[in-house]
Amino acid sequence: MIKDITIGQYFPGKSPIHRMDSRVKLLLDLVYLVMLFTAQSFTGLLVGLFFMVMCYIIADIKLVMILKSVKPILPLMIFTAILNMLFITGEKPLFQWWIISIYPEGIRMSCFMLLRIVSLIVGMSLLTYTTSPIMLTDAIERLMSPLKKIRFPVHELSMMMTIALRFIPTLVEETDKIMSAQKARGAELDSGGFLKRAKSLVPIIIPLFVSAFKRANELATAMECRCYKGGEGRTRMRQLKIAARDIIATLIMLTLFAGIIVLNCFPIIP
Amino acid sequence: MDIIRTENLCYDYVTTDDDGNVTEKNTALINVNLTVPEGQFLAVLGHNGCGKSTLAKHFNAILTPTSGKVFVDGIDTADEDRIFDIRRTVGMVFQNPDNQLVATIVEEDVAFAPENLGVPPKEIRERVDDALKQVDMYEFREHAPHQLSGGQKQRVAIAGIIAMQPRCIVMDEPTAMLDPKGRKEVMRTIKQLNKEHGITVILITHYMEEAAQADRVVVMDKGAIIMDDEPHKVFAREKELRAVGLDVPQVTELCFMLREKGVDISTEIIFEDECAKAISELPLKKKTADITEEKPRDFADKTEETVRLENVTYKYSVGTPFEKTAVDDVSLSINQGEFIGIIGHTGSGKSTLIQHLNGLIKPTSGTVFIDGEDIHSKNVKIRDVRFKVGIVFQYSEHQLFEETVAKDIAYGPKNMGLSDEEIKVRVEEAAESMGITHLLEKSPFELSGGQQRRVALAGVLAMNPETLILDEPAAGLDPKGRNKILGLIKDYREKSGKTIILISHSMEDIVKFAEKVLVMNKGKVFCFDYTDNVFKNTENLVSIGLDVPQITRLSHRLKESGIEIGNDIYTTERAADRLFSLL
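Protein sequence lines correspond, in order, to chains A and B.
Numbering-wise (the working numbering), the first sequence opens with residue 263 and increments by one.
Numbering-wise (the working numbering), the second sequence opens with residue 156 and increments by one.
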């Protein structure tokens with residue numbers, strides 16, 4: 263059923279990784295990404311990936327989920343791999359045919375890039391798997407709050423994100439209902455050429471917009487009734503606090519980063 | 156102390172053009188003088204457009220008077236500096252629960268108002284927990300709103316208001332979009348807040364049984380208050396209420412019927428137990444009514460079969476942890492020209508079932524036959540099935556999209572590939588049967604909710620389907636709108652002789668129209684028979700948690716006190732006849 267859709271792929275849990283301060287988690291995830299780009303050797307990347315796999319185990323998220331998160335990026339990965347293989351040249355080609363020549367350096371580079379992309383995706387997925395969208399929005403709002411000084415509308419942006427997240431399932435359900443209603447009146451939504459298809463969407467999109475505006479109007483009134491007056495003077499129920507586990511996580515991450523830099527200088531596998 | 160006081164309140168909706176000149180003026184409120192003492196439970200009745208929502212919006216300064224004054228706890232609502240003092244004193248809950256919730260997690264949403272008010276975090280936590288416990292939603296505090304039922308969402312919305320610690324809550328038709336179960340939950344919450352926590356409640360409603368539970372009832376018509384008294388006295392003025400498009404509770408109606416027959420019974424009766432008591436005090440000659448056993452009707456006058464389901468099962472999200480059987484091994488047959496009613500509570504599978512009949516949903520297993528043909532076999536075009544079996548969905552007005560009503564009605568016939576002349580005839584016929592001929596050139600978006608609903612219905616009628624399926628066609632309308640649309644459906648059916656399938660939560664509506672009733676329970680057919688036979692045993696229906704009419708509950712209550720008027724009471728007329736025979 264459409265109601266069962268999870269947004270942002272969040273898996274609720276109580277592991278130390280779930281309970282980490284979302285600001286720290288977000289920042290450490292960024293550190294991890296930087297680290298992947300600093301790593302110059304296979305060993306470096308493998309250590310990083312191994313670390314992430316350990317995190318998945320701690321967070322009690324099935325390792326199958328790693329494959330699932332990589333799947334949508336697969337075409338992009340294959341494309342990058344082929345490009346690297348074709349265009350990186352070395353001294354002695356391994357294989358030559360017509361204008362195509364493949365060098366061992368190209369293969370090495372392809373594998374390296376593949377590993378880097380996989381590690382990237384795995385790291386970013388862990389963040390969304392273990393952090394609810396609202397915590398993430400919250401983290402972004404708070405990390406960006408210094409920008410308020412230069413009149414950047416931080417609170418407004420985060421309010422918009424929250425409302426969007428709140429209404430996505432509602433509007434998905436609504437779209438589904440309108441589509442059923444128009445199909446019952448003989449609408450053909452999935453046949454014909456591009457123009458015909460685009461035209462057949464009109465009876466879906468107009469009612470959806472009408473309803474979205476009506477919802478927006480009613481929501482605005484309801485928010486006014488609940489004394490909403492923007493970000494000024496607002497307090498938050500959930501206070502984010504840096505706990506011991508956040509400090510430990512930061513220390514682990516920094517040690518790892520240092521290790522990778524050392525590995526760059528003394529590679530075990532070049 | 157009065158929490159709300161209005162003095163000669165008038166309000167006009169004014170439309171102006173670009174230069175600021177007034178182009179249109181609609182008077183919504185005329186000289187309203189209303190005083191609400193603290194702690195009262197006040198119900199406001201009136202048909203759509205009588206000004207009750209406009210009045211409600213004055214109570215927390217969403218609107219301010221055109222002339223006259225409104226005082227909330229002594230503060231003039233025109234005083235803009237005190238607007239937040241007013242809004243935290245008088246909270247407001249609206250009709251559509253979805254459009255009031257802001258956050259993606261229940262407790263975050265409840266925290267929204269205190270956060271806006273700048274309450275310290277620790278206190279917000281306490282208020283949120285308290286509020287959620289008061290509406291009995293504490294264990295759902297970490298759920299997302301879209302995972303909740305309508306009644307649960309509405310209770311979260313109420314909690315969101317309670318967290319402001321208001322002294323008064325105004326509710327604008329909070330139960331209109333809910334099923335009977337959700338309505339009961341919300342009403343229980345409202346009464347609890349009023350009785351146990353002393354919060355003043357102003358409830359706007361279309362349900363007479365809800366208004367009957369209030370301390371005081373105000374009736375509005377054309378922007379003015381026309382009645383203001385305690386519920387017993389108000390509902391005793393039956394004729395005046397009907398004249399302004401309202402109803403009375405069924406037991407009140409019963410007392411009026413008995414009085415007309417010369418029985419000396421009070422008409423200031425609105426609850427079953429009051430009525431049962433009054434009846435037991437009547438000089439009854441005997442205690443058991445003679446019930447002439449009506450012969451169960453057989454299927455002798457059988458017409459041709461049009462719909463047949465064979466072992467239809469439908470499962471949602473097969474192969475995921477969310478797998479759920481919505482329709483479970485349903486086999487049934489419907490004949491041409493029958494009027495079928497479907498009842499069952501939310502989640503019983505009735506909406507899923509009807510979508511099988513025009514192929515919107517393909518059964519996981521089993522076969523659907525329309526006019527003897529398996530609709531999912533290769534040689535049947537599913538679109539042709541949809542023109543044969545028309546479905547009007549719940550809140551069908553949400554499907555309107557064209558510039559004019561006429562064009563919108565023409566959408567279906569156009570998809571059928573009919574000629575322009577044929578389409579024109581179809582549109583006119585459909586518009587006539589729904590009584591909207593005078594609206595054909597208007598935009599559907601400038602019509603009232605009831606009119607829009609009729610346009611949507613006409614849009615399906617214009618396809619001239621052999622079977623017409625209506626999912627809750629009267630949901631959310633006021634008594635007048637309900638009667639209008641149901642009456643039009645009845646007329647249409649009498650004129651055209653088409654097969655009609657009507658889904659409704661309201662058993663009162665079903666028994667008025669349907670010849671046969673299908674009762675669904677947990678995805679299965681609980682029973683499917685002639686209406687008389689289905690309602691022969693009303694206690695059976697109560698046992699699967701269905702909401703039976705008030706008059707039926709009265710008959711059960713009477714039985715407990717030894718007065719038997721039969722187990723087949725579902726109309727006031729029948730109850731009145733049986734009771735009269737006891738005298």
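Virtual Cβ for every residue (Gly too), placed ideally from N, Cα, C.
Task: Rounded C-alpha distance that separates residue 348 of chain A from residue 522 of chain A - done: 29 Å
Task: Cα-Cα separation, residue 263 of chain A to residue 352 of chain A - done: With a pLDDT of 39 at residue 263 of chain A, under the threshold of 50, the modelled position of that residue is not reliable, and the figure given next carries that caveat. So the two alpha carbons sit approximately 54 Å from each other.
- [ ] Quick one: which unbroken beta strand (DSSP E) runs of 3-plus residues sit fully inside the segment 658-714 of chain B? Chain order, please.
- [x] If we require 3 residues or more, the beta strand (DSSP E) runs fully inside the segment 658-714 of chain B come out as 671-676 and 679-685.
TODO: Following the continuous beta strand (DSSP E) through residue 192 of chain B, name the residue where it begins and the one where it ends.
DONE: 177-192
- [ ] Compare the C-beta of residue 442 of chain A against all C-beta atoms of chain B and say whether one is closer than 8 Å.
- [x] Look at residue 442 of chain A: its C-beta is under 8 Å from a C-beta on chain B.
Task: residue 528 of chain A burial status per 10 Å Cβ neighbour count (16 or more: buried) - done: exposed
TODO: Could you tell me how far apart the beta carbons of residue 426 of chain B and residue 367 of chain B are, in whole angstroms, since I believe they sit closer than 8 Å?
DONE: 7 Å between Cβ atoms; contact.
Task: Beta carbon proximity, residue 398 of chain A to chain B, threshold 8 Å - done: no
- [ ] Find the residues of chain A that neighbour residue 637 of chain B, judging by a C-beta separation of less than 9 Å, and give them in chain order.
- [x] By Cβ distance, chain A contributes nothing, its closest Cβ being about 21 Å from residue 637 of chain B, past 9 Å.
TODO: Just the C-alpha distance for residue 566 of chain B and residue 176 of chain B, rounded to the nearest angstrom, thanks.
DONE: 38 Å
Open item on the list: Output needed for residue 268 of chain A: all residues of its chain with C-beta closer than 7 Å, excluding positions within five of it in sequence on either side, in chain order.
Closed with: Bear in mind that the predicted position of residue 268 of chain A carries a pLDDT of just 43, short of 50, making it unreliable; the figure below should be weighed with that in mind. None.
Open item on the list: Counting beta carbon pairs with one atom in the segment 193-201 of chain B and one in the segment 363-383 of chain B, are three or more of them shorter than 8 Å?
Closed with: yes
Open item on the list: Residues in the same chain with beta-carbon distance under 7 Å from residue 597 of chain B, minus the five sequence neighbours each way, listed in chain order, please.
Closed with: 559 and 560
Task: Residues that residue 468 of chain A contacts on chain B, provided the C-beta gap is smaller than 9 Å - done: Chain B residues near residue 468 of chain A: 555, 556 and 557.
Task: Reduced DSSP secondary structure (H/G/I, E/B, other) of residue 266 of chain A - done: Summary for residue 266 of chain A: the model assigns pLDDT 42, below 50, so the residue's position carries little reliability; its value from the coordinates is reported in the next sentence. Looking at residue 266 of chain A - three-state DSSP - the assignment turns out to be helix.
- [ ] Name, in chain order, the residues that DSSP records as bridge partners for residue 490 of chain B.
- [x] B:460
Open item on the list: Using a Cβ-Cβ distance cut-off of 8 Å, determine whether residue 393 of chain A contacts chain B.
Closed with: no
- [ ] Would you decide whether residue 361 of chain B is buried or exposed? Buried here means 16 or more other CB atoms lie within 10 Å of its CB.
- [x] buried
TODO: Could you confirm whether any beta carbon from chain A is found closer than 8 Å to the beta carbon of residue 301 of chain B?
DONE: yes
Open item on the list: Given a cut-off of 8 Å on the beta-carbon distance, is the pair residue 464 of chain B and residue 435 of chain B in contact?
Closed with: No; because the gap between Cβ atoms is not below 8 Å, this pair is not in contact.
- [ ] For residue 382 of chain B, count neighbouring Cβ atoms within 10 angstroms of its own Cβ and tell me buried if that reaches 16, exposed if not.
- [x] With a threshold of 16 other beta carbon atoms within 10 Å, residue 382 of chain B meets it and is buried.
Task: Opposing strand residues paired with residue 622 of chain B [DSSP bridges] - done: B:544 and B:654
Task: Per-residue burial, residue 768 of chain B [other beta carbons within 10 Å of its own, 16 or more giving buried] - done: In the structure as shown, chain B begins at 156 and stops at 738. Residue 768 of chain B is therefore absent and cannot be evaluated.
Task: Interface residues of the segment 465-499 of chain A facing chain B [CB-CB below 7 Å] - done: 465, 468, 469, 472, 473, 477, 480, 481, 483, 484, 485, 486, 487, 488, 489, 490, 491, 495, 496, 497, 498 and 499
Task: Close-in-space but distant-in-sequence residues of the same chain around residue 436 of chain A (CB under 7 Å, 5 per side omitted) - done: 470 and 473
- [ ] Using only the heavy atoms of the ligand MN, determine whether one of them is closer than 7 Å to the beta carbon of residue 258 of chain B.
- [x] This structure simply doesn't include the ligand MN, nor any ligand for that matter.
- [ ] Please work out which residues of its chain come closer than 7 Å, Cβ to Cβ, to residue 328 of chain B, disregarding the five sequence neighbours upstream and downstream, and give them in chain order.
- [x] 250, 359, 360 and 361
TODO: Would you mind sorting residue 693 of chain B into buried or exposed? The rule is 16 or more other CB atoms within 10 Å of its CB.
DONE: buried
- [ ] Tell whether a beta-carbon distance below 8 Å holds between residue 314 of chain B and residue 265 of chain B.
- [x] yes
- [ ] Would you list the one or two residues that DSSP bridges to residue 357 of chain A?
- [x] Residue 357 of chain A is bridged to A:364.
Open item on the list: Classify residue 501 of chain A: buried if its beta carbon has 16 or more other beta carbons within 10 angstroms, exposed otherwise.
Closed with: exposed
- [ ] Helix, strand or coil for residue 381 of chain B, going by three-state DSSP, please let me know.
- [x] strand
Task: Buried versus exposed call for residue 636 of chain B [16 or more other C-beta atoms within 10 Å across all chains shown] - done: buried
Task: chain B within 8 Å of residue 427 of chain A, Cβ atoms only - done: Among the residues facing chain B, residue 427 of chain A is included, as its CB has a counterpart in that chain under 8 Å away.
- [ ] Hey, could you find the ends of the beta strand (DSSP E) residue 523 of chain B is sitting in?
- [x] Element bounds for residue 523 of chain B: 520-525.
Task: Beta-carbon separation (whole angstroms), residue 324 of chain B vs residue 299 of chain B, contact threshold 8 Å - done: With 8 Å as the limit, residue 324 of chain B and residue 299 of chain B do not qualify as a contact, their Cβ atoms being about 25 Å apart.
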